[in-house]
Structures are given as C-alpha cells and as structure tokens.
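Trainee: As you go down the protein sequences, you meet chains G and W in turn. Going by my numbering, the first sequence opens with residue 394, and the numbers climb by one from there. Going by my numbering, the second sequence opens with residue 394, and the numbers climb by one from there.
Number of protein chains: 2
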Amino acid sequence: MIGIFDSGLGGLTVAKEIMRALPGQKILYFGDTARTPYGNKSPEVVAQYAIENTKFLLRKKAKAIVVGCNTASAVAGLKLRKEFPKVPIFEVITPAVREALRVTRNGKIGVIGTRTTIGSGAYQKWCKMHTRECPLFVPLVEAGHLNHPTTHEIARHYLEPLKRAGIDTLILGCTHYPLLKPLIKSIMGNTVQLVDSAETVAREIANVKFKMQNVKLPKHEFYVSKKTPKFQEIAQNWLGHKIELREIRTKQDKD
Amino acid sequence: MIGIFDSGLGGLTVAKEIMRALPGQKILYFGDTARTPYGNKSPEVVAQYAIENTKFLLRKKAKAIVVGCNTASAVAGLKLRKEFPKVPIFEVITPAVREALRVTRNGKIGVIGTRTTIGSGAYQKWCKMHTRECPLFVPLVEAGHLNHPTTHEIARHYLEPLKRAGIDTLILGCTHYPLLKPLIKSIMGNTVQLVDSAETVAREIANVKFKMQNVKLPKHEFYVSKKTPKFQEIAQNWLGHKIELREIRTKQDKD
Numbered sequence: 394m395i396g397i398f399d400s401g402l403g404g405l406t407v408a409k410e411i412m413r414a415l416p417g418q419k420i421l422y423f424g425d426t427a428r429t430p431y432g433n434k435s436p437e438v439v440a441q442y443a444i445e446n447t448k449f450l451l452r453k454k455a456k457a458i459v460v461g462c463n464t465a466s467a468v469a470g471l472k473l474r475k476e477f478p479k480v481p482i483f484e485v486i487t488p489a490v491r492e493a494l495r496v497t498r499n500g501k502i503g504v505i506g507t508r509t510t511i512g513s514g515a516y517q518k519w520c521k522m523h524t525r526e527c528p529l530f531v532p533l534v535e536a537g538h539l540n541h542p543t544t545h546e547i548a549r550h551y552l553e554p555l556k557r558a559g560i561d562t563l564i565l566g567c568t569h570y571p572l573l574k575p576l577i578k579s580i581m582g583n584t585v586q587l588v589d590s591a592e593t594v595a596r597e598i599a600n601v602k603f604k605m606q607n608v609k610l611p612k613h614e615f616y617v618s619k620k621t622p623k624f625q626e627i628a629q630n631w632l633g634h635k636i637e638l639r640e641i642r643t644k645q646d647k648d
Numbered sequence: 394m395i396g397i398f399d400s401g402l403g404g405l406t407v408a409k410e411i412m413r414a415l416p417g418q419k420i421l422y423f424g425d426t427a428r429t430p431y432g433n434k435s436p437e438v439v440a441q442y443a444i445e446n447t448k449f450l451l452r453k454k455a456k457a458i459v460v461g462c463n464t465a466s467a468v469a470g471l472k473l474r475k476e477f478p479k480v481p482i483f484e485v486i487t488p489a490v491r492e493a494l495r496v497t498r499n500g501k502i503g504v505i506g507t508r509t510t511i512g513s514g515a516y517q518k519w520c521k522m523h524t525r526e527c528p529l530f531v532p533l534v535e536a537g538h539l540n541h542p543t544t545h546e547i548a549r550h551y552l553e554p555l556k557r558a559g560i561d562t563l564i565l566g567c568t569h570y571p572l573l574k575p576l577i578k579s580i581m582g583n584t585v586q587l588v589d590s591a592e593t594v595a596r597e598i599a600n601v602k603f604k605m606q607n608v609k610l611p612k613h614e615f616y617v618s619k620k621t622p623k624f625q626e627i628a629q630n631w632l633g634h635k636i637e638l639r640e641i642r643t644k645q646d647k648d
C-alpha cells in the first residue's frame, strides 16, 4: 500500500500515474485541503505539515510514502528520510530532473513551480535552469479554473519569458500543473518537451518496486519486415530507450 | 508474453502504454515495414497480412495478440478471433469508442483514421460520429515528419471540418496518431478531449490480465483535511472514476 500526500488536488496526478504503472497497488491518498496552498508558506511550516501527513499515512498502514507535492519535496524530502529512516520515501523532484537532462537537446531546461519550490533551489542545485515562479497556478487549479480566460492570460504571462529564453524542455515543477498541461503545451508550442513530475516519479516507483521484488524487468523484442533507419530512430525517441531491431523474412517476401 | 503487430511504427504507441500499465510484461513487437502502409489497401489484403503477422507472433510464443493497428482491427478483428479461437485477441477500436462515449459532454464525437478504417464503418456502427480520413498522416509519421510545416498544414486541412462541427471528443483512430498528439491538440484546442486508442487498449489489457489472474483490483482511499465540492468533482474528472472522499481531523485542526 502506497501513501501519497499533497496540499490538495495536485498529488492526484501522481496517484493516477501510479495506478497506471502499478494497477495492482492500493493507494492511500491524503489531500491537505484545510491547509492548502503550501507553495507560499515557509519551509519550516511545510516540513512540519509533511511530517504530520506522513505520520497519518503510516498510521493507516502505508508501506511507502510518496511526497506528491513539489514544495514539500523541495523543503522536506531529506527531513522525512531522516525522520522515518525505515520507510521508503519518494519525492517528485529528482526523477523529473533526470528525465529533463535525458530529453533536452539544446541543454536549455526550464522549470516552473511555486514560490517556495523555486526559492528552495532544489532544482537549480542539479544544473543551471531557467526558473519561473507561478504562484497563481495552484489556487486556479484548486478552484477548478482549468480553462478560464484568466488562467490563459496568467499562463501566458508566466511562460513567455521561458519561451523567449529558448528552452526546449520544461519541468512542470508542481504536481498541480499536469492539470494545466494542454494550456501550457499550447503556449510553449510543440518543440518544447514537457516533463511531468507525476509521470517520472511513477516510473521510478514502478522500477524500484520491481527491483525490490526481484522481478527482472522483461527485455522486449522488436521485429520488422524491413529495417529502416527512421524506424529505429523514431521508435527509440518514442519509447525513451534503445531497442534492438531485428529484420525477419515473412511469407510475403517470397511472393 | 504479449505480441503486438502494426503496419509499422504506430503500434509502438500501444506497446509503450502496455509497458506502463504492465511493467512486468514482456512485449514482442512486429512492425510490418515492408508492407506499410495498410490504410489504403483493400480489407481482404489487410486481413491476410493480419493473419500472417499473428502466426509469426504465435510462433515466437506470444500468449495474447494485440492488433496495434486500427486498420487491421477494423477489417480483421473478427476474422482473427475466428481463425485463432483459443488466443486472446485485443483490438484497438472498441475500448476507444467506450472511452469516447464516457467522456463526451455534448455527444458530438469525431474520429480520424485511414481510408480503410473510416471506410470500414467500424466506428460508426457504434454511434453517429463525425468522421475524417487522414491518409497522409501515417506516411508523414513513418517518414519522421512529426513537426514539419507540411504536417501542420495538412493537419489543419484534415481537422478544420471537425472543429467547425463542434465535436468535444476526438478519437485518434490510428495508432500512429498519438505521435502527432501535440499538433492535433494545438489545432483542436483545449476544449476537445482526445481519446488515444493506444491508452484505452492498454487499460483494457491491464484490467483483463488482472481479472484472469483473479487479482482483485484495489479500492483506493482518499482523505482530505477539509471536504470541498470542487475537490471531489475535479478528482473524479481527472481519475476518470468515482471516489469516496473522507474528511479526517489532523493535529493542526486543534491548534
């Protein structure tokens, strides 16, 4: 049983990705809607909330904790690991940074997040990044204004400088932001790759879980009836890892 | 071991979703690149190819077959089930139709696909749909022109009539199209929900697999520190199913 907490709705993007990656896994979700938003509270306060939320999930028999909130990950990730040394604690920042470094082509990575997340320097400590605080996104999402004209206007205001900076990769550094993905995508354009912390942490959890169970991840096999360089290239880009392509002769080749 | 075949690259979108939904599952992929594209070939020819491809995957010890190609699903889905009655055969059309009917709000559903897929009537037999043939999309994807100006122009030409028709849901009726999703999304706008056959068939396979193994799907639990109607509404929309929300008193409420 995996426990996830967030300041409110955002962690549901993580919950959804974990449900997809590990359909048999029961999820225990805690949204701290009474104290939302976390993003403009002090690091000490957020860390205290994170500890209380973790205790609640552990009392409910969670066996691993996912900090489904970038702000809490940024300021309390290490604290939680110290406070609960025997519990696997997953945070949403590191997997997203790794993914961004993997997919960027021009090395220009952007990250958007709450004031506290960006101010914590949790992303920038990994490499130089173009940062932008988006303090209104969480309240807009929590209010359900995913497609409101105001949201569009604010999003343009937040994102334009990153676009001008020529980034080719943008980390959605808050688990609320995947709910605004279509809007963010439409502003940033097709050439900017969005890195979704919800997706990347879910993949990490799935991988760790399989390793913990000593399940060997399968080696998939790829066959084509005619090898083409484009196939290999597009396939690898799409799947996100190298594949070995084998050409096979099927019946029709002899016709 | 799950065998997937497609005329070329498209089925990789299905493969990727199955890898996400069932990380422990080995995949055997066959891309029929020597005979691609299928979309403008006759139903009889495509059905013959589908049978040959299935035989190849079964020889390679696949235990279930996924027709990772809408054209082959449309014209050969039933034929394959008759030809191989003991093998579980999954096709990409039915799960996508079910999902479209679930997410549409105004009842106006669009579907784009190859000539043979649209011509087969495989989608329209379920309910009235706005259809559009997009014969150039598969060759453009196979050539790797995902972001070429020509692709943009052609996409606008294909999609404008569907936009004018006021659809709120668009089925990507070809497994190549998820590779063009950012472009299709940018043209259709945020108010149109895209239904991705690759995603929907992967969910179906994951569900069936769990049922076959008699694994009970877990009942997730959702707690908040303060109940809000918006939370429930947005959460259910996002997760795609009903949730029961429980309010819990945490320490801070007593402060």
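Glycine residues also receive a C-beta, built at the ideal position from the N, C-alpha and C atoms.
If you measure from the beta carbon of glutamate 614 of chain G to each beta carbon in chain W, is any gap under 7 Å?
Mentor: At least one chain W Cβ lies under 7 Å of glutamate 614 of chain G.
Trainee: Which whole-angstrom value is the C-beta distance of phenylalanine 624 of chain G and glycine 401 of chain W, which I expect to be below 8 Å?
Mentor: Rounded, the Cβ-Cβ distance is 7 Å, consistent with contact.
Trainee: Since tyrosine 422 of chain W meets chain G, which of its residues come closer than 8 Å, beta carbon to beta carbon?
Mentor: In chain order: His613, Glu614, Phe615 and Tyr616.
Trainee: Could you name the residues of chain W that leucine 402 of chain G contacts, counting a contact when the two beta carbons are closer than 7 Å?
Mentor: Result: Phe624, Ile627 and Ala628.
Trainee: Going along the segment 576–591 of chain W in order, which residues come within less than 8 Å of chain G, judged by CB to CB distance?
Mentor: Here the close residues are Leu576, Lys578, Ser579, Gly582, Asn583 and Thr584.
Trainee: Under 7 Å, Cβ to Cβ, is there at least one residue of chain W near lysine 472 of chain G?
Mentor: So, not an interface residue.
Trainee: In terms of residue numbering, what span does the beta strand (DSSP E) encompassing arginine 525 of chain W cover?
Mentor: First-last of the beta strand (DSSP E) with arginine 525 of chain W: 523–526.
Trainee: Grouping DSSP H, G and I as helix and E and B as strand, with all else coil, what is glutamine 586 of chain W?
Mentor: Of the three classes helix, strand and coil, the one that applies to glutamine 586 of chain W here is strand, per DSSP.
Trainee: Between which residues of its own chain and isoleucine 564 of chain G is the CB-CB distance below 6 Å, once the five residues before and five after are set aside?
Mentor: Closer than 6 Å at the Cβ level, and outside the excluded window around isoleucine 564 of chain G, lie Ala489, Ala493, Val504 and Val588.
Trainee: Return helix, strand or coil for arginine 557 of chain G, following the three-state DSSP convention.
Mentor: Helix.
Trainee: Distance, Cα to Cα, glycine 514 of chain G vs alanine 467 of chain G?
Mentor: Straight-line Cα distance between these residues: approximately 8 Å.
Trainee: Is leucine 494 of chain G helix, strand or coil when you go by DSSP?
Mentor: Correct three-state label for leucine 494 of chain G: helix.
Trainee: Less than 7 Å between the C-beta atoms of glycine 396 of chain G and isoleucine 458 of chain G, yes or no?
Mentor: Result yes, Cβ atoms of glycine 396 of chain G and isoleucine 458 of chain G sit closer than 7 Å.
Trainee: For lysine 556 of chain W, which residues of its own chain have a beta-carbon under 8 Å away from its beta-carbon, when the five flanking residues on both sides are left out?
Mentor: Closer than 8 Å at Cβ, skipping near neighbours: Ile580, Met581, Gly582 and Val585.
Trainee: In the structure shown, what three-state DSSP assignment does glycine 417 of chain G receive?
Mentor: DSSP places glycine 417 of chain G in coil when its eight states are reduced to three.
Trainee: In chain G, what lies closer than 8 Å to leucine 632 of chain W by C-beta?
Mentor: In chain order: Leu405, Ala408, Lys409 and Met412.
Trainee: Is the distance from the Cβ of valine 617 of chain W to the Cβ of glycine 424 of chain G below 7 Å?
Mentor: In contact: valine 617 of chain W and glycine 424 of chain G (Cβ atoms closer than 7 Å).
Trainee: Can you pull out the residues from the segment 491–525 of chain W whose beta carbon lies closer than 9 Å to at least one beta carbon of chain G?
Mentor: Within the segment 491–525 of chain W, no residue has a Cβ that lies closer than 9 Å to any Cβ of chain G.
Trainee: Can you tell me whether DSSP reads valine 640 of chain W as helix, strand or coil?
Mentor: The sequence given here has glutamate at residue 640 of chain W, not valine. It is a strand residue.
Trainee: Among residues of its own chain, excluding the 5 on either side of arginine 498 of chain G, which ones have a beta-carbon nearer than 7 Å to its beta-carbon?
Mentor: The residues are Asp561.
Trainee: Out of G:His569, G:Lys619, G:His613 and G:Lys574, which one is the CA nearest neighbour of threonine 429 of chain G?
Mentor: Among G:His569, G:Lys619, G:His613 and G:Lys574, the Cα nearest to that of threonine 429 of chain G belongs to G:His569.
Trainee: Mind checking whether leucine 533 of chain G and threonine 544 of chain G have CB atoms under 7 Å apart?
Mentor: For leucine 533 of chain G and threonine 544 of chain G, yes; Cβs fall inside 7 Å.
Trainee: Taking 7 Å as the cut-off, decide whether the C-beta atoms of leucine 405 of chain W and tryptophan 631 of chain G are in contact.
Mentor: Yes, they are a contact pair.
Trainee: Interface residues of chain W around glutamate 535 of chain G at Cβ under 9 Å?
Mentor: Going along chain W in sequence order, the residues near glutamate 535 of chain G (Cβ under 9 Å) are Thr621, Lys623, Phe624 and Ile627.
Trainee: I believe tyrosine 431 of chain W touches threonine 509 of chain W by the beta-carbon criterion, under 8 Å. Please report the beta-carbon distance rounded to the nearest angstrom.
Mentor: With 8 Å as the limit, tyrosine 431 of chain W and threonine 509 of chain W qualify as a contact, their Cβ atoms being about 7 Å apart.
Trainee: On the CB-based measure, 16 or more other CB atoms within 10 Å of its CB, does serine 590 of chain W come out buried or exposed?
Mentor: Per the 10 Å Cβ criterion, buried.
Trainee: With distances taken Cα to Cα, identify the nearest neighbour of threonine 464 of chain W among W:Thr426, W:Gly512, W:Glu614 and W:Leu638.
Mentor: With distances taken between Cα atoms, threonine 464 of chain W lies closest to W:Gly512.
Trainee: Reducing DSSP to helix, strand and coil, say where glycine 424 of chain W ends up.
Mentor: Strand at glycine 424 of chain W.
Trainee: Could you pull the start and end residues of the beta strand (DSSP E) that threonine 562 of chain G belongs to?
Mentor: Start and end: 562–565.
Trainee: Would you say threonine 426 of chain W reaches chain G, if we count a Cβ-Cβ gap shorter than 7 Å as a contact?
Mentor: Threonine 426 of chain W counts as touching chain G.
Trainee: Would you mind reading off the limits of the alpha helix (DSSP H) that contains tyrosine 442 of chain W?
Mentor: 436–452 is the span of the alpha helix (DSSP H), which, as asked, contains tyrosine 442 of chain W.
Trainee: Report all residues from its chain with a CB closer than 6 Å to the CB of valine 496 of chain G; omit the five preceding and five following residues, and keep chain order.
Mentor: Once the five neighbours on either side are set aside, the close Cβ partners of valine 496 of chain G are Thr562 and Gln586.
Trainee: Any beta carbon of chain G sitting closer than 7 Å to that of lysine 574 of chain W?
Mentor: So, not an interface residue.
Trainee: In the DSSP output, which residue or residues are listed as bridge partners for glycine 503 of chain W?
Mentor: For glycine 503 of chain W, which the question treats as bridged, DSSP gives the partners W:His523 and W:Leu563.
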